[in-house]
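Down below is the structure, laid out as structure tokens.
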Amino acid sequence: MTAVQRLRGTADWLPQDLPRLRRAEQAGLAVARAFGYGEIATPVIEPTELFTRGVGDTTDIVTHQMYTFTDLGGRSVSLRPEGTAAVLRAFAESSLRQAPRPVRLAYAGPMFRHDRPGRGRFRQFHQLGVEAIGEADPELDAEVIAVAWDWLRRLGIEGTTLALNSIGDATCRPLFRAALLAHLAPHRDRLAPLDRERLGRNPLRLLDSKDASLRAILASGPQIAAFLCPACRDALARVEAGLRAYGIPYQVEPQLVRGLDYYVRTTFEVWHQSLEGAQNALLGGGRYDGLLATLGFPDAPGVGFAAGLERIALLTGMPPADGSGTVAVCSIGAAAVAAAIRLGTALRGRGLVVVADVGPRSARAKLRGADGQGAAVACLLGDDELRDATVTVRDLRAQRQERVAVADAPDRVAATLAAGAAAG
Ligand code: AMP
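Written out as structure tokens, the structure is:
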């Protein structure tokens, strides 16, 4: 019989690696909290329409990458491919819609896209993001970028570039779109099939193509900056002024569009030099005024970003060990099992990490096992110890041991651990 294996593009996070992902997430939520963003959690499964409307039914995500199925009630549901649409839905459906604005929210959790798996690209991955809902001030755009930037600094990640652009609004973007289409039309036959399809449904998507020949064609074409209306130009200038006030370096990238339909004006990404090609974005975001109305709710402006936690964790080291060390509690002989379990409970009550070894193996085998588990201290309970209500406390690093009264054991174990930690 063949073994059941994990799905392609999904990952198991083992105990030795998961702390990196968790630390990245905790640091992000802590920085967001420091800016006043409260954490929100929404379901991983949503009505499909939330994404066809909210992400856009011409985007690659919706046309090619969604995990969509019909549930037992005959309703089309999808695993969420991103977080913003759901956070906005939750905002609009809850008491948050009456809260003082802007409403600042942060989230972290798994997302699902049936993408081609590769380095830094998974079918189930984790995003952390923030959304500031209810105000159109460009200074808020700078604020959400500052959350992202502070987070990366706090994790010690260097070598990042902040790319910033404005993709205009309903006033000026159609003019740019028309100019772009006119420029690309004569080159249509030279485009790759997928790009030709994009030209038909969402020509702006071609702007961030990595295809060298297409990039050359685009370089000689119209630039969005030349088409921005005065309101969009002013908004971009205010975002830039905000970033300067935060002390965040940036570069304006006229080709930066991003793959979701909902952006207006500000778009941004943070790139890292070590991540290659299309996978070099650590995070991306922008302003999405109008998205709530697209979902059928009263409209309110908003701005946010989403970051890939796997990509960020990849760039960080392991968090330092907490230094407390593990204690192995070993019974020697069946008579000592209950006493060993009670001692383990008492030690955990002191906040210590205790692994119990109350099986039938020999004392030698148990001590070898404790070493293998990385325990710093072993407590041994056999017939002798039972007789006089003592415990043998063995310092596994210094290879020393002593018998102490059961009542004194927790203090002695804690002192031995502390001495071991101090000795390094
Ligand atoms: P997006 O929601 O497409 O703007 O993506 C925001 C961030 O999520 C990206 O910059 C990546 O860091 C991360 N991301 C997006 N798709 C994937 C994926 N398939 N696997 C891992 N990370 C991803």
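Taking this note's numbering, I'd label the letters of the sequence shown as residues 1013 to 1436. Positions of the beta carbon are idealized from the N, C-alpha and C atoms, including for glycine.
Which residue or residues does DSSP assign as beta-bridge partners of residue i?
i            : result
residue 1283 : 1173 and 1293
residue 1317 : 1142 and 1297
residue 1059 : 1089
residue 1122 : 1138
residue 1407 : 1389 and 1412
residue 1342 : 1369 and 1392
residue 1115 : 1145
residue 1263 : 1175
residue 1021 : Note: residue 1021 sits in no beta bridge, so no partner.
residue 1417 : 1402
residue 1276 : 1299
residue 1428 : Its beta-bridge partners do not exist; DSSP assigns none.
residue 1048 : Partner(s): none; residue 1048 has no beta bridge.
residue 1133 : 1130
According to the neighbour-count rule (16 or more other Cβ atoms, all chains shown, within 10 Å of its Cβ), is residue i buried or exposed?
i            : result
residue 1039 : buried
residue 1125 : buried
residue 1376 : exposed
residue 1323 : buried
residue 1107 : exposed
residue 1097 : buried
residue 1422 : buried
residue 1015 : exposed
residue 1139 : buried
residue 1329 : exposed
residue 1037 : buried
residue 1165 : exposed
residue 1032 : buried
residue 1095 : buried
residue 1013 : exposed
residue 1210 : buried
residue 1171 : exposed
Quick check: the Cα distance between residue i and residue j, rounded to an integer number of angstroms?
i            : j            : result
residue 1068 : residue 1059 : 14 Å
residue 1339 : residue 1391 : 7 Å
residue 1093 : residue 1050 : 22 Å
residue 1144 : residue 1255 : 17 Å
residue 1364 : residue 1222 : 52 Å
residue 1398 : residue 1349 : 10 Å
residue 1407 : residue 1414 : 9 Å
residue 1243 : residue 1316 : 20 Å
residue 1183 : residue 1189 : 11 Å
residue 1201 : residue 1212 : 13 Å
residue 1119 : residue 1102 : 12 Å
residue 1155 : residue 1309 : 25 Å
residue 1320 : residue 1233 : 32 Å
residue 1081 : residue 1091 : 9 Å
residue 1186 : residue 1179 : 10 Å
residue 1224 : residue 1306 : 35 Å
residue 1354 : residue 1405 : 15 Å
residue 1385 : residue 1347 : 24 Å
residue 1044 : residue 1142 : 7 Å
residue 1369 : residue 1029 : 25 Å
residue 1250 : residue 1257 : 10 Å
residue 1109 : residue 1432 : 54 Å
residue 1216 : residue 1360 : 59 Å
residue 1198 : residue 1236 : 20 Å
residue 1169 : residue 1159 : 14 Å
residue 1486 : residue 1205 : The structure shown does not extend to residue 1486, since the chain is modelled only from 1013 to 1436, so the question has no answer here.
residue 1459 : residue 1133 : In the structure as shown, the chain begins at 1013 and stops at 1436. Residue 1459 is therefore absent and cannot be evaluated.
residue 1131 : residue 1226 : 24 Å
residue 1089 : residue 1034 : 29 Å
residue 1153 : residue 1378 : 58 Å
Assuming the contact rule is C-beta atoms closer than 8 Å, residue i and residue j should be a hit. Round their C-beta distance to whole Å, please.
i            : j            : result
residue 1485 : residue 1135 : The displayed coordinates of the chain run from 1013 to 1436. Any statement about residue 1485 would go beyond what the structure contains.
residue 1147 : residue 1313 : 6 Å
residue 1276 : residue 1177 : That pair is no contact at about 12 Å.
residue 1366 : residue 1356 : 5 Å
residue 1219 : residue 1269 : 5 Å
residue 1174 : residue 1280 : 6 Å
residue 1278 : residue 1150 : 7 Å
residue 1403 : residue 1429 : The Cβ separation is near 15 Å, so there is no contact.
residue 1053 : residue 1121 : 7 Å
With distance defined between alpha-carbon atoms, name the residue in the options nearest to residue i.
i            : options                   : result
residue 1286 : 1318, 1326, 1422 and 1248 : 1326
residue 1115 : 1357, 1047 and 1230       : 1047
residue 1075 : 1175, 1214, 1112 and 1169 : 1214
residue 1396 : 1259, 1031, 1344 and 1113 : 1344
residue 1400 : 1411, 1385, 1384 and 1417 : 1417
residue 1073 : 1199, 1389, 1123 and 1429 : 1123
residue 1274 : 1300, 1095 and 1387       : 1300
residue 1019 : 1129, 1035 and 1083       : 1129
residue 1066 : 1435, 1311 and 1194       : 1311
residue 1296 : 1052, 1284 and 1077       : 1284
residue 1087 : 1246, 1230 and 1062       : 1062
Less than 7 Å separating the Cβ of residue i from some heavy atom of the ligand NAP?
i            : result
residue 1132 : Only the ligand AMP can be found as ligands here, which leaves the ligand NAP out of the picture.
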